[in-house]
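Same order as they appear, the protein sequences are chains A and B.
By the count of this note's numbering, the first sequence reaches residue 800 at its end, each step adding exactly one.
By the count of this note's numbering, the second sequence reaches residue 800 at its end, each step adding exactly one.
In what follows, a structure is listed as structure tokens, so that the remarks can point back to it.
Protein chains: 2
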Amino acid sequence: DAAVLDWSARPDCLVTVDMLMEGVDFTLDTATPERIGRKALAVNLSDIAAMAGKPVACVVALALPQSGGYELGQRLTSGLLPLAEEFGVVLAGGDTNTWQGPLVLSITVLGEPTGRGPVLRSGARPGDWICVTGPLGGSLLGHHLDFTPRVREALALHEATTLHSLIDISDGLAADLGHILEESRVGAVLQAESIPITPAAHEMSRTDHRSPLDHALADGEDFELIFTLAPDEGQRLLARPPAGVAVHHIGDVTAEEGLILRHADGRRVSLASLGWKHPFTSR
Amino acid sequence: DAAVLDWSARPDCLVTVDMLMEGVDFTLDTATPERIGRKALAVNLSDIAAMAGKPVACVVALALPQSGGYELGQRLTSGLLPLAEEFGVVLAGGDTNTWQGPLVLSITVLGEPTGRGPVLRSGARPGDWICVTGPLGGSLLGHHLDFTPRVREALALHEATTLHSLIDISDGLAADLGHILEESRVGAVLQAESIPITPAAHEMSRTDHRSPLDHALADGEDFELIFTLAPDEGQRLLARPPAGVAVHHIGDVTAEEGLILRHADGRRVSLASLGWKHPFTSR
């Protein structure tokens, strides 16, 4: 049957789904079931944050291996529940299955917008500042499992200023900013030296010889927020950011379409979408 | 990100999720992708029917094989969309992935209760009639893929009479009636000769030598409704059922717990739960 949620005080319903698959999004020999369960919820909470919404409830569908499936299901759930509690999310129902295949988790989260409504990808305007909420790159070294979804940050920003557009970084800075640009029919110039880069991106750079900036632009699964806002609002925000919220001004929206990276020496490089694409082999 | 649904005229939100897995719920060599996509939505609509609710929107998560995944995804969706349209369900979003594993579909449906509220499993009372909306058994011969979820029937019954409890038959008559009995803390006596049986159950019986009644009690995936109501309401309903709704009175709720099958010759058999259980091997 279905779960019943009281939605009487909530005008809109935000809904998002993400599926994680063993061997693609995680491996059971490199991550504990608790971390995997937590991540499966966290990526959905990040999608609600990307609308500046409040998460309310979730349902969880599992395909568990027959051997050891019961214990695995328990451990996934015990990893997920503390995060649900931290963000006030009710586990409203689920569908637990077993099979001979690899582990699959599919979580759907319902949320509600604030009184100011949701923030969409489509509202960026030429002249807007482009900002991010934290350093990027190298998430594969651990952050992709243990990140904290930027729900509180999105709500605080939505209250403190007027956001024109908003998205979370799952595919990578270039690809997700690309979604904003496409849906807003605008372009952007990013200042290379302004993009905050994680220590993990530097660490990966030492072994794979891709630059730390490359990692910050393309790795994905940072789950920080990209947002745009009017320059005067941006200046006000930088001067007095909400408590606990980091704001980095990394570039500006342009009327001309396309995504340009400007280096400190003045070189301008056009960025094709560097993010991850679904690798359909039949296309 | 998330989809935004206008919920302002809807006090409650019903939410349900079902995951279907290749090799467990279907095989691609015995069912077309279109039928599989349709079923994945239909089982969820049946869950909304089980609350006498109206389905509103769905989100679809897919794990597709890399080879041929794009075409398969298109065919699953084209099987699902006509059913969504028939029941006024908006495809609000999704998450499409590829991997080396078997096909997995996870669909979440959001719905709303009618003005009379949802009907739960927990309201059956001693003396209630137990009714079903159609013949049972043998669904494996095709019905489990091509059934029509009883959304319209549930709404019509909810409007025409006062339902005390309601559930859809996914695990089997005995198992799903068992859920009502357990949550209502009551028992039941079923009249064997009153249980409507499908031609498919008779057909399977000829080869596997299980009785047609056994199939009707235990096969599952009938996706008919079981409901209970006061005897006088039941008599009124039988005399004038809503247009297009079949009503079969198959037994009665008892104060004494347990589920009894009474045969025409007076024999009484206690039914343990005959339905399907999750086969965890580690338990």
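Where a beta carbon is used, it is the ideal one built from N, C-alpha and C, also for glycine.
So is R753/B in contact with chain A if we call contact Cβ pairs under 8 Å? no
Assuming P572/B and F604/B are in contact, meaning their beta carbons sit under 8 Å apart, how far apart are those beta carbons, in whole angstroms? 5 Å
How about R527/B: is its C-beta nearer than 8 Å to some C-beta of chain A? yes
Take the Cβ of S787/A as the centre, count every other Cβ of all protein chains shown within 10 Å, and call the residue buried at 16 or more, exposed below. exposed
Counting C-beta neighbours from all protein chains within 10 Å, is the total for A526/B 16 or more, i.e. buried, or is it exposed? exposed
For a contact meaning CB atoms closer than 7 Å, what does T625/B contact in chain A? V534, V576, T625
When DSSP labels each residue in this structure, what does F797/B get in the three-state scheme? Interpretation of F797/B is limited by its pLDDT of 45, a score under 50 that renders its predicted location unreliable; no figure is taken from the coordinates.
Have a look at the DSSP bridge pairing and note the partners of G775/A. G704/A
Just grab the DSSP bridge partners of V786/A for me. L778/A
Option in P635/B, Y587/B, L620/B, T665/B with minimal Cα separation from D546/B: L620/B
So, using beta-carbon positions, are R779/A and V706/A closer together than 8 Å? yes
Could you tell me whether the Cβ of W824/A comes closer than 8 Å to any Cβ of chain B? The question about residue 824/A has no answer, for chain A in this structure spans 518 to 800.
Just to confirm, does V786/A get its C-beta within under 7 Å of one of the non-hydrogen atoms of the ligand COA? This structure simply doesn't include the ligand COA, nor any ligand for that matter.
What does the alpha-carbon distance come out to for the pair N561/A and D685/A? 11 Å
Give me, in chain order, the residues of the same chain whose beta-carbon lies closer than 7 Å to that of A578/A; leave out the 5 immediate sequence neighbours on both sides. G611, D612, S623
If contact is defined by three or more beta carbon pairs under 8 Å, each pair taking one atom from either stretch, is the segment 768 to 775 of chain A in contact with the segment 588 to 603 of chain A? no
Specify the secondary structure class of E670/A as computed by DSSP and reduced to three states. helix
G792/A: buried (16+ other C-beta within 10 angstroms of its C-beta) or exposed? Because the pLDDT at G792/A is just 43, under 50, the model does not fix this residue reliably, and the value given afterwards should be weighed accordingly. G792/A is buried by the Cβ-count criterion.
G628/A versus F543/A - alpha carbon distance: 26 Å
Inter-residue spacing [alpha-carbon to alpha-carbon] between N614/B and P652/A: 27 Å
Classify S584/B as buried or exposed, calling it buried when 16 or more other Cβ atoms lie within 10 Å of its own Cβ. exposed
Return helix, strand or coil for A574/A, following the three-state DSSP convention. strand
Candidates V636/A, A709/A, I743/A, V541/A: closest to H732/A by CA position: A709/A
Within chain B, the residues that I565/A reaches when beta carbons sit closer than 9 Å: D518, A519
Tell me whether A781/A is buried or exposed, calling it buried when 16 or more other Cβ atoms sit within 10 Å of its Cβ. exposed
Please say whether D736/B and S656/B have beta carbons closer to each other than 8 Å? yes
Inspect the CB distances between the segment 552 to 567 of chain A and the segment 663 to 681 of chain B and report whether three or more fall short of 8 Å. no
Stretch pair the segment 629 to 646 of chain B + the segment 734 to 749 of chain B: three plus CB contacts closer than 8 Å: yes
Measure how close the beta-carbons of P729/A and L674/A come, nearest whole angstrom, since I'm counting them as under 8 Å. About 26 Å separates the two Cβ atoms, so there is no contact after all.
Contact criterion: CB-CB distance below 8 Å. Does I885/B meet it with respect to chain A? Lying before the first or after the last residue shown, residue 885/B is absent from chain B, which here runs from 518 to 800.
Who does I714/B pair with in a DSSP beta bridge? L653/B
Kindly list, in the order they appear in chain A, the residues whose Cβ is closer than 7 Å to that of A580/B. M536, M538, V621
In its own chain, which residues sit with a C-beta less than 6 Å from the C-beta of T715/B, not counting the 5 before and 5 after it? P652, G654, G655
Check the Cβ of L531/A against every Cβ in chain B and list those closer than 8 Å, keeping chain order. A519, A520, V521, L522
Alpha carbon to alpha carbon, how far is A691/B from S790/B? Give it in angstroms, no decimals. Confidence is the limiting factor: at S790/B the pLDDT is only 47, short of 50, which leaves the residue's position unreliable, though a coordinate-based value still follows. Their Cα atoms are separated by approximately 6 Å.
Please report the straight-line C-alpha distance between V764/B and I712/B, rounded to a whole angstrom. 11 Å
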